[in-house]
Ligand code: C2E
Ligand code: CA
Ligand code: CA
Ligand code: CA
């Protein structure tokens, strides 16, 4: 079986070289990557710049091919979604996130990305609750990031799911706000704990027009009584500008790249006292 896994992995490499964006990646190759431990999690800090402290960390999935080369999430996540393997991978990273929280009391919150395919799974909330319980952590330390999409707005199932999660105390954040079609309806229909403003906006705020657009989006989120996190900050001057719009919570390369659990622990130990 081990040998078979290796062969599969080799096929997978050949396909990765020829296939468009890894489109030929199959469910089995993804499963074998998970089984062989070629899946991992990295964590990117979300910083409260008013205190300089890490307020949360986003868990991001990483995958390597059999030769140890990184495959981009943009390539493997869509395949995992299409084949349903995202259910196993999603449960795996949830456990990683809760495990980190259990071992790191100084880390307030970890967020985990959840795809529409997982939300459609009738066992989803049960799985999340079981993982939180097994880790013995407070449910309010876990946040689920949901991307705005047609599957979310106008879907009574999603509203019910969010109610169940919030009854359990688990947070739900809206991810990539501003990039899809459903963002505005999402804001009005559903109550998210946080709204993450897509990095597109901060990265086009160098022009007066871009800055004005970003400020309007931040105001819009605030007017819906929700709190924004601004993603994708790569420069100090972006934080300076956007702070003046009343935002405290930022995520981006300037504040920290996605890092190993070990590195994150070091960052937590080094940060300024409250
Ligand atoms: P996302 O959820 O919007 O995650 C943020 C992405 O932006 C990450 O890319 C992160 O590395 C990148 N990023 C963070 N700061 C900066 C910055 O300052 N500049 C730039 N240019 N990029 C920045 P990554 O890790 O490649 O993930 C890409 C996407 O793959 C994620 O976008 C998410 O949609 C998906 N993804 C990653 N891990 C998971 C997972 O565990 N489950 C699911 N369902 N999707 C995941
Ligand atoms: Ca995210
Ligand atoms: Ca995002
Ligand atoms: Ca995204």
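In full-length UniProt numbering, the protein residues as written are 387 to 660. We treat Cβ as the ideally placed atom computed from N, Cα and C, and that holds for glycine.
Which class does residue i belong to by DSSP, given the choice of helix, strand or coil?
i	result
residue 636	strand
residue 473	helix
residue 576	coil
residue 395	Low local confidence applies: a pLDDT of 43 at residue 395 is under 50, so the model's placement there is unreliable, with the coordinate-based value given in what follows. It is helical.
residue 528	strand
residue 449	strand
residue 503	helix
residue 407	Unreliable placement is indicated for residue 407, whose pLDDT of 44 sits below 50; the coordinate value is still reported in the next sentence. Helix at residue 407.
residue 653	helix
residue 538	coil
residue 456	strand
residue 603	helix
residue 631	coil
residue 614	strand
residue 556	coil
residue 426	strand
What is the C-beta distance between residue i and residue j, in whole angstroms, given that I count them as a contact (C-beta under 8 angstroms)?
i	j	result
residue 578	residue 560	4 angstroms
residue 618	residue 588	5 angstroms
residue 435	residue 634	6 angstroms
residue 514	residue 556	6 angstroms
Do you know whose CA, among the options, lies nearest residue i's CA?
i	options	result
residue 660	438, 432 and 413	438
residue 631	655, 597 and 653	597
residue 548	512, 590, 488 and 653	512
residue 592	487, 415 and 628	628
residue 419	444, 448 and 440	448
residue 440	648, 458 and 636	636
residue 528	415, 498 and 509	498
residue 620	558, 606, 644 and 501	644
residue 442	414, 487 and 450	487
residue 564	595, 552, 551 and 582	582
residue 657	415, 626, 432 and 413	432
residue 651	446, 599, 429 and 415	429
Taking 6 angstroms as the line, does the beta carbon of residue i fall inside it for any heavy atom of ligand 6?
i	result
residue 644	This structure lacks ligand 6; the ligands present are ligand 1, ligand 2, ligand 3 and ligand 4.
For the segment 443 to 460 against the segment 515 to 527, are there 3 or more C-beta pairs whose distance is under 8 angstroms?
no
Given 8 angstroms, three or more beta-carbon pairs between the segment 420 to 429 and the segment 470 to 479:
yes
Below 8 angstroms, how does it come out for the segment 480 to 493 and the segment 537 to 555: are there three or more Cβ pairs, yes or no?
no
What residues sit near ligand 2, counting only those whose C-beta is closer than 5 angstroms to one of its heavy atoms, in chain order?
499, 531 and 561
Answer yes if the segment 638 to 652 comes into contact with the segment 603 to 612, meaning at least three C-beta pairs across the two stretches below 8 angstroms, and no otherwise.
no
Just checking, does the segment 483 to 498 make contact with the segment 460 to 474 on the three C-beta pairs under 8 angstroms criterion?
no
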